[in-house]
Amino acid sequence: TKTISKCYVQVTGMTCASCVANIERNLRREDGIHSILVALMAGKAEVRYNPALIHPSAIAELIRELGFGATVMENYGEGDGILELVVRGMTCASCVHKIESTLMKTNGVLYCSVALATNKAHIKYDPEIIGPRDVIQVIKDLGFTTSLVKKDRSASHLDHKQEIRQWKRSFVVSLVFCIPVMGLMIYMMVMDSQLSDAHAHHNMSDEELEALHSSMALEYQLLPGLSVMNFLSFLLCVPVQIFGGWHFYIQAYKALKHKTANMDVLIVLATSIAFIYSFVILLVAMAEKAKVNPVTFFDTPPMLFVFISLGRWLEHVAKGKTSEALARLISLQATEATIVTLGPDNVLLSEEQVDVELVQRGDVVKVVPGGKFPVDGRVIEGHSMVDESLITGEAMPVTKKPGNTVIAGSINQNGSLLISATHVGADTTLSQIVKLVEEAQTSKAPIQQFADKLSGYFVPCIVAVSVVTLLAWIVIGFVDFGIVEKYFLGYNKSISPAEVIIRFAFQASITVLCIACPCSLGLA
């Protein structure tokens with residue numbers, strides 16, 4: 001007997017079904033090539049050949065001569081079919097052994113493992129030799145009942161509803177508390193500018209200016225050192241920090257646990273530091289019964305969280321849209337197929353309805369008018385018009401006669417067809433499209449990967465810069481206190497210069513962190 005080997009070739013540059021036909025037609029003529037099957041969406045050709053006459057590299061070369069890119073896929077094991085079954089009626093370990101040993105003896109079964117606890121069997125087989133129905137029959141003959149593990153046909157794993165809800169909630173919470181904080185901030189700015197005008201025009205003494213400053217409603221001190229403004233900002237900031245920032249904290253914790261630094265780490269770092277710093281400064285001011293209200297950063301966290309949670313929310317909404325399209329695609333797949341047995345001269349001997357996952361390569365499938373094609377295949381008998389708009393977008397039905405290829409999911413219109421299955425299960429065009437879209441969803445855009453990589457360096461850099469700022473100002477302060485005095489307005493004259501310097505240095509370094517955090521990379 002001639003030995004026949006099988007190889008897979010990755011083919012690029014195919015645009016439509018005629019490219020497929022072109023490759024198949026030309027390669028069949030070559031010596032030593034037994035059969036060839038090309039899948040358009042997966043971009044691969046499965047070639048069975050006689051190794052005595054031709055080599056895979058020569059096959060790839062033949063495809064290249066036709067004007068396509070072709071590379072041989074080394075150790076490509078996807079030719080193996082995988083079957084997950086539920087087996088009922090097993091009572092003990094000997095049943096498990098019986099099933100496993102019988103299956104392993106069966107020609108074409110490569111691997112088999114049966115779990116008694118879960119009643120599941122996991123089987124790998126060679127689809128050239130044996131198919132899922134044969135495997136099920138073997139198990140049935142041993143006296144067990146068996147069925148396919150039902151696949152989740154709805155694309156529930158692609159559902160972004162929960163994330164959309166979560167980020168929307170996060171955004172709304174942050175927004176509700178952010179608006180008043182922004183209002184307070186703008187009010188303060190306006191009042192400040194009015195004050196400086198008053199100061200410029202009336203040449204008021206500093207004491208009078210102090211009096212005017214503290215007469216402002218928001219600067220009114222509830223307790224010594226605690227102004228209305230700071231107290232309100234603090235109250236508005238707490239819920240945002242907890243509810244708005246909850247998901248960020250979780251993500252940041254996970255990232256740090258794996259010793260990486262991502263955007264979330266920066267966001268959490270900046271908001272937490274701004275919050276804690278402001279809180280501590282308030283406590284210090286209250287302890288000192290300070291006359292001048294300290295500068296706090298309570299406006300930073302709410303605004304940051306608003307922008308970033310809005311971004312995340314929009315991102316998940318966009319992802320959800322693609323998922324909807326995918327779910328629709330998945331719903332196009334037929335669930336059942338009618339398999340027929342043909343006698344001599346294509347006489348119908350029998351037909352049976354089976355689950356579409358049980359269709360094997362080479363099976364003859366009957367498709368009635370108005371029915372969906374369950375698998376990709378070639379027409380053996382019958383003439384019909386077929387609506388292939390789901391794949392091609394072509395609104396006009398396409399004529400099909402013996403020898404034409406048909407695509408799973410397309411709809412047969414007026415005639416009954418018998419087709420021979422060529423691509424089944426995960427190899428059908430529709431499954432491949434679904435797989436491509438899924439991959440596109442799970443993989444990141446190159447620019448996003450780049451941003452993530454950058455933020456890996458960006459976070460430590462910013463932290464380093466803010467530490468440098470802190471140290472630099474401490475040094476400057478101790479060398480020349482005048483400079484600090486010039487920039488650090490309204491500090492309490494009663495505290496020691498050393499403390500003034502430390503406070504000012506902290507304020508400067510926190511500012512660096514807060515400004516760098518919503519870096520355009522992360523937001524974009």
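Sequential numbering from 1 applies to the sequence shown in full-length UniProt numbering. All residues carry an ideal CB built from backbone N, CA and C; glycine is no exception. No experiment lies behind these values; they were computed from the predicted model shown.
Practice task
Mind checking which residues open and close the alpha helix (DSSP H) that includes R29?
Solution key: Start at 1 with the first residue of the sequence shown, and residue 29 comes out as number 29. Segment: none, R29 is in no alpha helix (DSSP H) and carries neither H nor E.
Handout entry: Inter-residue Cα distance where the pair is V347 and Q353
Key = One-based indexing of the sequence shown puts residue 347 at position 347. One-based indexing of the sequence shown puts residue 353 at position 353. Roughly 18 Å separates the two Cα atoms.
Practice task
Could you spell out the range, first to last residue, of the beta strand (DSSP E) harbouring T48?
Solution key: For the purposes of this step, residue 48 is taken as the residue at position 48 of the sequence shown. The sequence given here places Arg at residue 48; Thr does not occur at that position. Residues 44-49.
Practice task
Examine the Cβ distances between the stretch 355-367 and the stretch 464-473 and report whether three or more of them are shorter than 8 Å.
Solution key: no
Problem - V424 in three-state terms, based on DSSP - result: Working through the sequence shown from its first residue, we reach residue 424 at position 424. Coil at V424, not helix or strand.
Handout entry: Candidates I59, H122, V72, L103: closest to L83 by CA position
Key = The residue given as residue 83 occupies position 83 in the sequence shown. Of I59, H122, V72, L103, the residue nearest in Cα terms is H122.
Problem - Best match in A39, I411, T392 for proximity to P369 [C-alpha to C-alpha] - result: For this step, residue 369 is matched to residue 369 along the sequence shown. For the residues A39, I411, T392, the minimum Cα distance to P369 belongs to I411.
Exercise for the section: Label T300 either buried or exposed according to how many other C-beta atoms from any shown protein chain fall within 10 Å of its C-beta, with 16 as the threshold for buried. Expected result: By one-based count along the sequence shown, residue 300 stands at place 300. T300 is buried by the Cβ-count criterion.
Exercise for the section: Could you have a look at N412 and say whether DSSP puts it in helix, strand or coil? Expected result: Counting from one through the sequence shown, the residue named residue 412 turns up at place 412. Note: N412 maps to strand in three-state DSSP.
Problem - Simplified DSSP assignment, three categories, for C95 - result: The count along the sequence shown starts at 1 and reaches residue 95 at position 95. Helix, per DSSP.
Practice task
Could you tell me which uninterrupted beta strand (DSSP E) segments, each at least 3 residues in length, are contained entirely in the UniProt domain "HMA" (81-147), listed from first to last along the chain?
Solution key: 81-88, 109-115, 120-125
Exercise for the section: Can you give me the start and stop residues for the alpha helix (DSSP H) that V238 sits inside? Expected result: Looking up residue 238 in the sequence shown gives position 238. That run of the alpha helix (DSSP H) goes 228-239.
Exercise for the section: Give the straight-line distance between the Cα atoms of S147 and V364, rounded to the nearest whole angstrom. Expected result: As a working note, residue 147 is residue 147 in the sequence shown. As a working note, residue 364 is residue 364 in the sequence shown. Straight-line Cα distance between these residues: approximately 22 Å.
Exercise for the section: Name, in chain order, the residues that DSSP records as bridge partners for V11. Expected result: As a first step, residue 11 must be located in the sequence shown, where it is residue number 11. Answer is A70, bridged to V11.
Practice task
Report the rounded CA-to-CA distance for M182 versus T271, giving the unit in angstroms.
Solution key: By one-based count along the sequence shown, residue 182 stands at place 182. By one-based count along the sequence shown, residue 271 stands at place 271. Cα-Cα distance, rounded: 16 Å.
Problem - Selected residue, minimal CA-CA separation from L232, among A58, Y249, S278, L266 - result: Position 232 of the sequence shown, counted from the start, is the residue given in the question as residue 232. Checking every option, the nearest Cα to that of L232 belongs to S278.
Handout entry: Segment contact, 8 Å Cβ cut-off, at least three pairs: the stretch 281-291 with the stretch 399-407
Key = Because the criterion of three Cβ pairs below 8 Å is not met, the stretch 281-291 and the stretch 399-407 do not touch.
Handout entry: Closest Cα partner of S35 within the set E74, E128, V86
Key = Mapped onto the sequence shown, residue 35 falls at position 35. Cα-wise, what sits closest to S35 is E128.
Problem - Contact set for M104: own chain, Cβ-Cβ below 7 Å, skip 5 residues either direction - result: By one-based count along the sequence shown, residue 104 stands at place 104. Excluding its 5 nearest sequence neighbours in each direction, M104 has C-beta neighbours in its own chain below 7 Å: C112, listed in chain order.
Practice task
Just confirm the distance between the C-beta atoms of L430 and A408, as a whole number of angstroms; I'd bet it's less than 8 Å.
Solution key: Taking the sequence shown and counting its residues from 1, the one referred to as residue 430 is at position 430. Taking the sequence shown and counting its residues from 1, the one referred to as residue 408 is at position 408. Confirmed, Cβ separation roughly 5 Å.
Handout entry: Terminal residues of the beta strand (DSSP E) in which A337 lies
Key = Within the sequence shown, residue 337 is the residue found at index 337, counting from 1. Residues 336-342.
Practice task
Closer than 7 Å by C-beta to R28: which residues in its own chain qualify, once you throw out the five before and the five after it? Chain order, please.
Solution key: Mapped onto the sequence shown, residue 28 falls at position 28. Taken in chain order, the residues that qualify are I36.
Practice task
Return yes when the Cβ of F298 is within less than 8 Å of the Cβ of F234, no when it is not.
Solution key: Counted from its first residue, the sequence shown places residue 234 at position 234. Counted from its first residue, the sequence shown places residue 298 at position 298. Between F234 and F298, the C-beta spacing is below 8 Å.
Handout entry: Check: L471 C-beta below 7 Å from any heavy atom of the ligand MG
Key = Absence of the ligand MG from the depicted structure is noted, as is the absence of any ligand whatsoever, leaving it without description.
Handout entry: 4 or more residues per run - each alpha helix (DSSP H) lying fully within the stretch 293-342
Key = 300-331
Handout entry: DSSP-derived helix/strand/coil call for L348
Key = Against the sequence shown, residue 348 aligns to sequence position 348. Three-state DSSP puts L348 in a strand.
Practice task
Indicate whether M185 and P224 have their beta-carbon atoms separated by less than 8 Å.
Solution key: By 1-based counting over the sequence shown, the position of residue 185 is 185. By 1-based counting over the sequence shown, the position of residue 224 is 224. Cβ atoms of M185 and P224: not closer than 8 Å.
Handout entry: Three or more C-beta pairs below 8 Å linking the stretch 5-12 and the stretch 37-52
Key = yes
Practice task
Note down the Cα distance separating F506 from K168, rounded to an integer number of angstroms.
Solution key: For the purposes of this step, residue 506 is taken as the residue at position 506 of the sequence shown. For the purposes of this step, residue 168 is taken as the residue at position 168 of the sequence shown. When rounded, the distance between both Cα atoms is 34 Å.
Exercise for the section: Please list, in chain order, all residues of the same chain as L256 whose beta carbon is under 7 Å from its beta carbon, the five residues on each side excluded. Expected result: Stepping through the sequence shown from its first residue, residue 256 is reached at position 256. Closer than 7 Å at the Cβ level, and outside the excluded window around L256, lie V265.
Exercise for the section: Name the two residues that bound the continuous alpha helix (DSSP H) containing L39. Expected result: Working through the sequence shown from its first residue, we reach residue 39 at position 39. In the sequence under discussion, the amino acid at residue 39 is Ala, which differs from the Leu named in the question. Where A39 is concerned, there is no enclosing alpha helix (DSSP H), although the beta strand (DSSP E) it sits in stretches over 33-39.
Problem - Check whether V340 and K372 have beta carbons under 8 Å apart - result: Residue 340 sits at position 340 when you count from the first residue of the sequence shown. Residue 372 sits at position 372 when you count from the first residue of the sequence shown. Not in contact: V340 and K372 (Cβ atoms no closer than 8 Å).
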